[in-house]
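If you use this note's numbering, the sequence shown closes out at 139, no skipped numbers anywhere.
Just so it is clear, CB atoms sit at the ideal spot from N, CA and C, and this is done for glycine as well.
The structure under discussion appears below in the form of structure tokens.
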Amino acid sequence: MTNFLLWIIVGAVIGWVASLIMKTNSRQGLIADIVVGIVGAFLAGLFLSPLFNISTINDGNFSVPALLVSLGGAVILLAISKLFRNIGGFLIIVLIVSAIFIYFNCWQMDSASAFCASVRQLPFLR
């Protein structure tokens, strides 16, 4: 749990740094940058880190290569949100990322929670 909170805090900082890199910090707002940074750091740390054989968000250690992967994830997600922002797509991005997270959490990690059981019953996800 401590490692998860650390990823959220670092994700917020990474979101701010990524917004400086993408030059979106004055247009999008600090809160949106923090949310994008947390989501980008989390997703990159969870899904991309194993591809590069470095520690993931679930491991007990916190490494510099994992931070770089998380920064890359935040920059990529900020770039995507920048593309969709003109059509009000930030909400769309958040919904898509949430749906992907729920999918991987409920199916790939084989969670037995009541929430995942109800998600599995949705007709469009069968």
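**Extent of the continuous alpha helix (DSSP H) run through Ala45** = Within the sequence shown, numbered from 1, the residue matching residue 45 stands at position 32. That run of the alpha helix (DSSP H) goes Leu43 to Leu56.
**Prompt:** According to DSSP, is Ile109 helix, strand or coil?
**Reply:** For the purposes of this step, residue 109 is taken as the residue at position 96 of the sequence shown. Secondary structure at Ile109: helix, using DSSP grouped into helix, strand and coil.
**Prompt:** Using the rule of at least 16 other Cβ atoms within 10 Å of the residue's Cβ for burial, across every protein chain shown, is Gly58 buried or exposed?
**Reply:** By one-based count along the sequence shown, residue 58 stands at place 45. In this structure Gly58 is buried. Its beta-carbon is surrounded by 16 or more other beta-carbon atoms within 10 angstroms.
**Asked** Looking at the structure shown, is Lys36 part of a helix, part of a strand, or coil, going by DSSP?
**Response** Against the sequence shown, residue 36 aligns to sequence position 23. Lys36 falls in the coil class under three-state DSSP.
**Asked** Looking only at C-alpha atoms, which of Val107, Pro78, Ser76 and Leu81 sits nearest to Leu90?
**Response** Here residue 90 is taken as the residue at index 77 of the sequence shown, counted from 1. Minimum Cα-Cα distance from Leu90 among the listed residues Val107, Pro78, Ser76 and Leu81 corresponds to Val107.
**Request:** Compare the beta carbon distance of Val77 and Ile34 with 7 Å and say whether it is the shorter of the two.
**Result:** Looking up residue 77 in the sequence shown gives position 64. Looking up residue 34 in the sequence shown gives position 21. No, the Cβ-Cβ distance between Val77 and Ile34 is not below 7 Å.
**Request:** Can you have a look at Phe55 and say buried or exposed, based on whether 16 or more other CB atoms are within 10 angstroms of its CB?
**Result:** As a position in the sequence shown, residue 55 is number 42, starting the count at 1. Classification for Phe55: buried.
**Prompt:** For Ala112, is the classification buried or exposed, using 16 other Cβ atoms within 10 angstroms of its Cβ as the cut-off for buried?
**Reply:** By one-based count along the sequence shown, residue 112 stands at place 99. An exposed status is given to Ala112, since fewer than 16 other beta-carbon atoms sit within 10 Å of its beta-carbon.
**Asked** Considering only C-alpha positions, which residue in the set Lys95, Gly50 and Phe65 is nearest to Ile22?
**Response** The residue given as residue 22 occupies position 9 in the sequence shown. Ranking Lys95, Gly50 and Phe65 by Cα distance to Ile22 puts Gly50 first.
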